[in-house]
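Numbering (the numbering used here), first residue to last: 333 to 1458.
All C-beta atoms in this analysis are idealised placements derived from N, C-alpha and C, irrespective of residue type, glycine included.
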């Protein structure tokens, strides 16, 4: 391309490639060739003058875009060796290019301006730093123009430069985090505030006209959003300078330095932004950016609003108070009504106001503003209740999130109201009833509310197991409403008991079919929501409800009942009679028990044909019953001193439930009947069955003896097939936990003989059938194996060895089953899952009491046998023709992932439990590690490493191997060593996520430490291979990962490991760096910087002292590393 003719030909080639890229009907192969061509151009370090000629010659936008990228990449690499004058000339040329070439497409303008922004960022921190006043003058000229296009361009220049300085990613300018941080701080000191002020002044002048230029407004709002989301470096403490890049670039709070006080305390700032929003709110795109600015203005905090006046004048509001008052005033005025697309943003802003400013500011509001603000929140709580609770449940339920924001804000006000002025306090307490009422009306059907049937309910759609149920989906809303109700107990209790009682009384009409199907659905929904509300009322309710009851009983307001007898009567009776003078809490619990009993009898009589109990309602009943029984049982253990310091030493009698005696026996019988009714009537409803099991598990904490002694339990268990239950895994965990909590050996043996032994016998019988060729039993075996996983999950320190003894025969048979389970991945996964649960729970607790390793050794031997059998039968699935062919095979390797996790957990136990150093490995762990690596490494390829679950399990395994027995790497064959380093290089290349990279660095540091313990290994071929393949990438990671503190620490440690291993090998790497052409001009600086890193000591290089000294030296190295290319 030296001649003019050559340049023209190359431009023509570029334009042809661009047309292929943009052509809708371009063949795929041609498109790929065009993409590869432009990638080659970016890597070719094109001469800046050639780039300028191409930009001036071509009129093809795609070519201009690609050449701008090429120019930027070339200048970044040659910045150090290019003269300051040339760089400034290029910067100014690219800055003015959109002005000189009219009608450039937006994406071309953005890329052209990025070149200038990148150069400015590098130049502002260069040793001979740039004077960037020319940038300010150029922008000012554009903004002061009367041409709206030039004004928009000026704002676009501000946006491009601000965006470049806000980024902390090395890839943007080939800079380390420290250099990014230094440039950002310099930009904040010299340009950022001036840019904001210039933009504000320009837009204020434009908005003074009646017409609004939406293009200019759009550009300004983008600039304002960048500035208002800026994470100021002055707000970061020096000691915590290096934080995760995500946190650095996604600031929530706006913390400008004190020098910005004149801007943010200006009383015209908030009216300007709110006024601008009112002018552009009809345009949803502009409104989105405007709302983003308003949200960030709500989150301003820090010294910028603190008064610098030492003497405060009484009655004169401080700057912080005035700012919050102005903001709340404008918020109320602007969003009295709003468009649907504004709701989420303005409620987020409302939430930010409360979360970013101290409550004393709000209680100092003037009376008029206080009243207005309270009513504003209550208004939107009421406005959003109906649409939010009827909104379709999905990940983008905007109204639900908005409603939750409003309720959260109201909750903050409500809890803080005792500190407010009396009038405000009374108003908040009064309005709380309106907030509760609006929610109750939204979830209840007429005549108690306004709820209608949703589209899903009308179609009869059933909830899938993976769908979020109401308890989960509405958790923030229910949690807040429950807290509100606890602060208005009398009103709430009066309403909820009346509605609940009336709805229960209507059951006969519903059961007889005397109402329409739609009305029946609404009746079921009312029962469901009443139970959810009661559950949220009792959830986390210790303090408020206890205080309410304590005061009521002390004042003789309530008459104490025989609560256990009352609840048993409620559960067994078809009619509910509320006792006179009973406390409302006990009455509510009585109604829950009453409904639970009715639901049981209806299902027992009519089964799944019952019209008054659905699976979802029954599940909600279980959850609420569990909550209320747990509350009254735990109340027995509470004392007033837990809640307030001046409590009387002898509390008054309270409505409590005993954890023993006749009531506990009756309660357990009642619970067991309910649970097995759920199993019988709704066997396919996994969530319902899990809720039922959870109730039994809760009762096992204080009533385990009564469960274990219950004849009904064994009678009902014998009537069902446990492994057919949808909640079989959880149920088995529950049963084994109950057995562990029982003190009686006789009861334990009874549970073993009647539950565990028959199940093991059924598995052995099914296994023999499978060995005989009967494949019909596979599903039965899978179900049984899930039960055994549940058994393993229940292991405790007392039961670890006992459960291992029970599971050992099952594990041995299962290992042999895998050998012939060629075409049944579900069976293989189920077997490996049992091994995994044993490795993560049972294996941890076994031998702890006896301090004997016999059981551990037997499990490791069994695991090696399992590995051989898996390799023999399953390896064919991972042949080169089929293995990891695409990224959609995550599920197809689930069993392999489980196997790797099982081995990782097993080999790490001695290290975790006993702290065994890496040079004193457990004797059986080494052969297990060697066998595992020889099995897995031949399968390694980049395709499989790109599968997240497999990659995480594999690198975690490598970490555990290096912790426990790193010498095993030296015993690998050449082919497996090649595969190992292939994986390490991939993890360090930037293709992997943070976790594999971090684990690889930890492996490198531990392996280098092990190798350095011997002269033979330190100079051996394995060490040389590590230096050749990994040293450069590790050192680059240490230099460029300073923004991710955990990764950076691991990278420094790994880099030091190479130096401590072999200084001579490391110096070869240093020579390769300093001899690069781009580093020749700075060779002396580079050599001195590297030599300062090398430790002077010759012994004990792996000590903490030497590593700490190196880490300190590395910090100094980073200060000068930007002067040369690493």
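- Assignment of residue 1304 by DSSP, reduced to helix, strand and coil, places it in the coil class.
- Going by beta carbons, residue 745 and residue 681 fall outside the 7 Å limit.
- When the beta-carbon positions are compared, residue 867 and residue 915 stay at least 7 Å from each other.
- Its chain contains no residue whose beta carbon lies nearer than 6 Å to that of residue 604 once the 5 sequence neighbours on both sides are disregarded.
- Excluding its 5 nearest sequence neighbours in each direction, residue 953 has C-beta neighbours in its own chain below 7 Å: 863, 927, 928 and 931, listed in chain order.
- Contact fails between the region 475-483 and the region 521-529, because fewer than three Cβ pairs, one in each stretch, are under 8 Å apart.
- In this structure, residue 1384 lies away from residue 1435, with their beta-carbon atoms at least 7 Å apart.
- For residue 1426, the secondary structure class from DSSP, reduced to helix, strand or coil, is coil.
- The three-state reading of DSSP puts residue 836 in helix, counting H, G and I together.
- Secondary structure of residue 431 (DSSP, three-state): helix.
- For residue 707, the enclosing alpha helix (DSSP H) begins and ends at 699-722.
- Scanning 920, 912, 891 and 847 for the CA closest to the CA of residue 870 turns up 920.
- When the alpha-carbon of residue 707 is set against those of 1294, 689, 693 and 762, the nearest one is in 762.
- With 16 or more other Cβ atoms inside 10 Å of its own Cβ, residue 1235 counts as buried.
- The region 1276-1290 makes contact with the region 1327-1343: 3 or more CB pairs, one atom from each, lie closer than 8 Å.
- When rounded, the separation of the alpha-carbon atoms in residue 897 and residue 1106 is 55 Å.
- Burial state of residue 1341 is buried, judged by a 10 Å Cβ sphere holding 16 or more other Cβ atoms.
- Taking a C-beta distance under 7 Å as the contact criterion, residue 1298 and residue 1338 qualify as a contact pair.
- Residue 454 is positioned such that its CB atom lies closer than 7 Å to that of residue 411.
- Membership of residue 636 in any alpha helix (DSSP H) is not indicated, and neither H nor E is assigned to it by DSSP.
- Taking a C-beta distance under 7 Å as the contact criterion, residue 965 and residue 999 do not qualify as a contact pair.
- Contact annotation: the region 899-917 does not touch the region 842-853, with fewer than three C-beta pairs closer than 8 Å.
- In this structure, the beta-carbon distance from residue 380 to residue 343 does not fall below 7 Å.
- The closest CA to that of residue 727, considering only 714, 806, 1202 and 616, is found on 806.
- Ranked by Cα distance from residue 1070, the first of 709, 1318, 1371 and 1041 is 1041.
- DSSP places residue 921 inside the alpha helix (DSSP H), whose first and last residues are 916-938.
- Residue pairing from DSSP places residue 586 in a beta bridge opposite 632.
- Looking from the CA of residue 1432, the closest CA among 1296, 1389 and 1193 belongs to 1389.
- Using a Cβ-Cβ distance cut-off of 8 Å, the region 1087-1098 and the region 1133-1146 are in contact, since at least three pairs of beta carbons, one from each stretch, lie closer than that value.
- Taking residue 709 as the centre and dropping the five residues before and after it, the same chain places the C-beta of 682, 738, 741, 742 and 745 closer than 8 Å to its C-beta, in chain order.
- Here the alpha carbons of residue 399 and residue 341 stand approximately 15 Å from one another.
- In the assembly as shown, residue 439 is an exposed residue. Its beta-carbon has fewer than 16 other beta-carbons within 10 Å.
- When the five nearest sequence neighbours on each side are left out, the beta carbons in the same chain lying within less than 6 Å of the beta carbon of residue 934 are those of 942, 944 and 945, in order along the chain.
- Taking residue 404 as reference, the option from 495, 426, 385 and 655 with the minimal CA-CA separation is 426.
- A direct Cα-Cα distance of roughly 17 Å separates residue 1127 from residue 1026.
- The beta carbon of residue 1151 sits closer than 7 Å to the beta carbons of 1201, 1204 and 1205 from its chain, once the five residues preceding and following it are set aside; these are given in chain order.
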